[in-house]
Every structure is written in structure tokens, then in C-alpha cells.
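Take a look at the structure set out below.
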């Protein structure tokens, strides 16, 4: 009985097994990358349902209330605070006092129990991000958070991946604003952003901090 | 959502409805072990307290703890009574406890626009956006009672609230409160300056006295219940001082 397979089949089989492994590995790695960058992993663009459907587009957009009216600590602290219920009641003690939607806010004010707001921008715990220094050096709210004044429910505009941070940390002149425009929504950078950016970097002593320990300490 | 479930993240078990251990073996065999074991979220979500994070340990569920009674932080002794209460004994002080210069007024301008203008309006006439949406209208700053009110009165209102206005003690630091009051004074002056006291250069910029519109045309639209409108003297610039834009 003659042999079914030619002698070269030995080599072919080895090559095909190895190349199959390589291809599968490559596909696996590609899938891994896709998955790691997807909004499933980064939460980019995912709108959060909140216990009270607070609309930034109404309050910050239509009403024109400054970011800092509620997020008071953003200029002085690492953490930009979620306001206490009392801040809501500054106005809602008189406005929409019978609204069902706001019952949870009133209940929280009466009982002194916190409203369990859902965190939207959640950096890993080994990242030490500081709002105050970014605000002070001319990084606009909008640069990272997007047009909050147009978001009925807030979502994370950017991926918050490390490469995204580094994009600015390595070349801040691409994004920095004059200090007076930091809290502006809908700011249009001038055409000579890179020229102005370079000037601002110099004037405001903006450092290009890309050491590991800048953020991981 | 916390990405705690390592398998559900990397393998579409949910869609395929397969038990994880069915997939885990072949994948490990393909040499992903090294990559995948690096993908747990334990370091992303460490069991430590960060600002406003939920706590399972404390009864109220809060990580941030209230200060114990009698706690005084460094630099928070508040022994400068006039500065921290705006009062001298029982009376409101009428002299600023801090030096006022242009920087302070500009800081006050900025803080006023953030915290006060939603109700009081950028001109201080009490017609802010929130008032237009139904909040009780506060009095205009440009009435005699408030023109003559001592600065300590404004400080007391910001610190402790007044009428429908809640206090702003948690939102505005004491020094900023004084800065805001200095800006309120500038606003008041902007609507009540004596033409005779203007420096000659500024006087020359004023429109001729004959062409000045009557005050009713200049003042803001009236909202129900507002009887006291800013009394704008003839020839006074309508823009508040310090609003250099």
C-alpha cells in the first residue's frame, strides 16, 4: 500500500501548525488591543444613569451657571468635588419645589444622607491626578471633559488612557488656553494655537512632565 | 461599572453562554497567560479611601469624616473676629478688614459672577437668571438701604444667609467674601457716581448731557414686584467699574 502523504507533508504540517499559532497569536493580540481601547474597557462615551437625572446642559448650558458654583474645590484641590445637597437647595428650596424628580434631593437635605451619585470619570487608583494645577496652568475644563454644557447626562468624552494624558503632557502647547478661558465652554482656539501655546507654556511655566512618577507615586 | 470580572471582560462568555473554564484552557495553551493575568483590576480599584468614595465601614457610608467638635486646623483659628464675622461686638463693621486694591476688586468681580450673579444679576439689580426662572427676587444693590448698609452686613448675609438666600459659607472663602463685597461697592458706585467727581479725562468721554436717554430707557426690564430700580443719574456710565472687556 502506497503512502497517502508525500514526504514533504512532514515539513508542511510543521509549518502550518506553527504559522497557525502565529496567526492566532496575532489575531489574539489585535483583539486584545481592540478590546482594551474599546469603550467597553475605557468607558468612553458611556452615559451614566444617575440617581437624580441632573442635566448639565440645562444648568451649565441654558442657565449659564459657572462650573465653580458647584465644583468649588476645582481650583484649590486635587479633587473637583461633587457638590453637597445643600448647593442644589440654594435654588431648589424655591424652584421646582414640588417636582417628583427632585424628591430625592429634598429627602437627602432633610435626612442628611448623601445622594449616591455615580462617578463618571474614574481614573485608576494608582494615578494621582490633580485638578487644581491643570486648571491653574491653563487646561480648560472642556479640553478633557468636552462640552459638558451640552450633555443632558454626563459621559466621559475622552478615553482617559495613559497615551491620551501623555499626548498633552509631552506637547502641552497643543491644548493650553489663556488662564481667562479655562472655564469657557465652546472656546475656539486661535489659528496660531501652537504659537500662542508655546508662549503660554513659557509665560505660565508649564512643564512637560512625562516622568512615571509625575502621576504614579 | 467596575471591571472586576476578568473573564467577562476578555472573553465574550456572556454572548456565547459558555462556562469560563471551557475557554480558559485553550487560551492559556495559546500563550496568553502572561498577558491576561496582567489584566485584573485590583490595582485600578484599590481598597482605599479617596474623596467622596463610598465607605462600608462608617455608618453613614461616607469616607470623608466630619470634624470632631473643637477641632481647629492650622491657620483656621478664626481669632480675627472682624475678618471672620464682619462684626465688631454686635455691630456690623463698616471698614474692610483687608486692604482693597484693584486685584482684590477684580477677584471679587470674578467670584461675584460665579456665585452671586445667578440671582443678583451681573449688574447687581436682582434680575439674575435664577430669578427669571422663579426664585424670589432679591433687592437691587442700588437702593438707598443697601448703599448705606455697612460692609459687615453684606459679609453677614453671605456667611449666614438672608431671607430666601441660603448661606454661601461653604462655597466662598472668607477672603473672597470681602473681595466680593468690594466689588459690590464698585457696582453700587458705578450706578451712583457724582458727575462732578469724575476726573476730567473721563468726563470728556461722557455723552453730551442733552443726548442722555431718560433713566427709564436705560434701566433693566421690570419684573413683577420690583419697585426699587437702580436710580441712574444722568451722564453716569452704565457699565460697572472694573468690567473692562
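Protein chains in written order, with our numbering: chain H, 1 to 217; chain L, 1001 to 1245.
Think of the CB as a built atom: it goes at the ideal place given N, C-alpha and C, for glycine as much as any other residue.
What would DSSP say about residue 1153 of chain L, mapped onto helix, strand or coil?
helix
Taking only three categories from DSSP, how would you classify residue 1148 of chain L?
helix
Reduced DSSP secondary structure (H/G/I, E/B, other) of residue 1224 of chain L
Its pLDDT being 46, under 50, residue 1224 of chain L is placed unreliably in this model, and the value from its coordinates should be taken loosely. The answer is coil: DSSP assigns residue 1224 of chain L none of H, G, I, E or B.
What are the residues of the region 56-70 of chain H that lie near chain L, defined by any Cβ-Cβ distance shorter than 7 Å?
63, 64, 65, 66, 68, 69
Residue 1165 of chain L bridges to which residues according to DSSP?
L:1162
Mark residue 60 of chain H as exposed unless 16 or more other C-beta atoms lie within 10 angstroms of its C-beta, in which case mark it buried.
buried
Select from the region 1044-1071 of chain L all residues with a C-beta closer than 8 Å to any C-beta belonging to chain H, and list them in chain order.
Of all residues in the region 1044-1071 of chain L, 1044, 1045, 1046, 1048, 1050, 1051, 1052, 1054, 1060, 1061, 1062 have a Cβ within less than 8 Å of some Cβ in chain H.
Is the beta carbon of residue 1166 of chain L sitting closer than 9 Å to the one on residue 90 of chain H?
yes
From the DSSP output, in three-state form, read off residue 1049 of chain L for me.
coil
Host alpha helix (DSSP H) of residue 194 of chain H (start-end)
193-203
Indicate whether residue 194 of chain H and residue 53 of chain H have their beta-carbon atoms separated by less than 9 Å.
no
Can you check whether the C-beta of residue 1191 of chain L is within less than 9 Å of a C-beta belonging to chain H?
no
Identify the residues that DSSP records as bridge partners of residue 155 of chain H: which are they?
H:47
Say whether chain H places a C-beta atom closer than 9 Å to the C-beta of residue 1134 of chain L.
With 9 Å as the cut-off, residue 1134 of chain L counts as an interface residue toward chain H.
CB-CB length for residue 1159 of chain L against residue 1149 of chain L, believed under 8 Å
Actually they do not touch by this definition, with Cβ atoms about 15 Å apart.
For the alpha helix (DSSP H) that contains residue 1197 of chain L, what are its first and last residues?
Segment: none, residue 1197 of chain L is in no alpha helix (DSSP H) and carries neither H nor E.
For residue 94 of chain H and chain L, any beta-carbon pair shorter than 9 Å?
yes
Could you check whether the region 202-216 of chain H touches the region 131-149 of chain H, counting it as contact only if at least three pairs of C-beta atoms, one from each stretch, sit closer than 8 Å?
The answer is yes - the region 131-149 of chain H touches the region 202-216 of chain H, with three or more Cβ pairs under 8 Å.
Listed from N- to C-terminal order along the chain, which residues in the region 1169-1194 of chain L have their beta-carbon within a distance smaller than 9 Å of any beta-carbon of chain H?
1170, 1171, 1172, 1173
Quick check on residue 1056 of chain L: does DSSP put it in helix, strand or coil?
coil
How far does the alpha helix (DSSP H) with residue 148 of chain H in it reach, from first residue to last?
From DSSP, residue 148 of chain H is part of no alpha helix (DSSP H); its letter is neither H nor E.
So residue 246 of chain H and residue 51 of chain H are supposed to be a Cβ contact under 8 Å. How far apart are they, rounded?
Residue 246 of chain H cannot be examined here, being either before or after the span of chain H that is shown, 1 to 217.
For residue 7 of chain H, count the other beta carbons within 10 Å of its own beta carbon; 16 or more makes it buried, fewer makes it exposed. Which is it?
exposed
In this structure, what does DSSP give as the bridge partners for residue 1087 of chain L?
The partner list for residue 1087 of chain L (beta bridge, DSSP) reads L:1092.
Assess, as a yes-or-no matter, whether the region 1069-1083 of chain L is touched by the region 1092-1101 of chain L under the definition of 3 or more beta carbon pairs within less than 8 Å.
yes
For residue 34 of chain H, report the span of its alpha helix (DSSP H) as first-last.
9-37
Could you name the residues of the region 1107-1118 of chain L whose beta carbon sits closer than 8 Å to any beta carbon of chain H, in the order they occur along the chain?
1113, 1114, 1115, 1118
Does at least one heavy atom of the ligand HEM sit under 8 Å from the Cβ of residue 104 of chain H?
The ligand HEM is not part of this structure, which contains no ligands at all.
How should residue 240 of chain H be labelled, buried or exposed, when 16 other C-beta atoms within 10 angstroms of its C-beta is the threshold for buried?
With chain H running from 1 to 217 in the structure shown, residue 240 of chain H is simply not present.
Alpha-carbon to alpha-carbon, residue 127 of chain H and residue 200 of chain H
26 Å
Taking the Cβ atom as the reference point for each residue, do residue 157 of chain H and residue 144 of chain H lie within a distance shorter than 9 Å?
yes
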